[in-house]
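Take the sequence shown: its letters are residues 2 to 66, numbered as in this note's numbering.
Here's the structure we're looking at; comments come further down.
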Amino acid sequence: MTITPEQAYKALEDISEFVSRLGEIVAPEHKGIMLASVQGAIQFQTQIAREYIMHSHPNKLKTWP
């Protein structure tokens, strides 16, 4: 399965929305731990997506936020 830059970007937007909503329902005393864990996972996946786009579609990286 080939992932387009647009699909990778959409997935990251979906993850961001998920984290935002998850933060609304997690108990306040657990938010710090939850957000730190999710943030680390997102940063890792973002780096993978950037590397994929850089190698597969270098001209698309210019439009990546």
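The beta carbon of each residue, even a glycine, is placed where N, CA and C say it ideally should be.
Note on I54: 16 or more other CB atoms within 10 angstroms of its CB, so buried under the neighbour-count rule.
Contact between G24 and K11 does not hold, since their C-beta atoms are separated by about 21 Å, which reaches or exceeds 8 Å. Comparing C-alpha distances from D15 to each of E30, P29, I4, I43 shows the shortest one belongs to I43.
In summary, A9 is buried, with 16 or more beta-carbon neighbours lying within 10 Å of its beta-carbon over all protein chains present.
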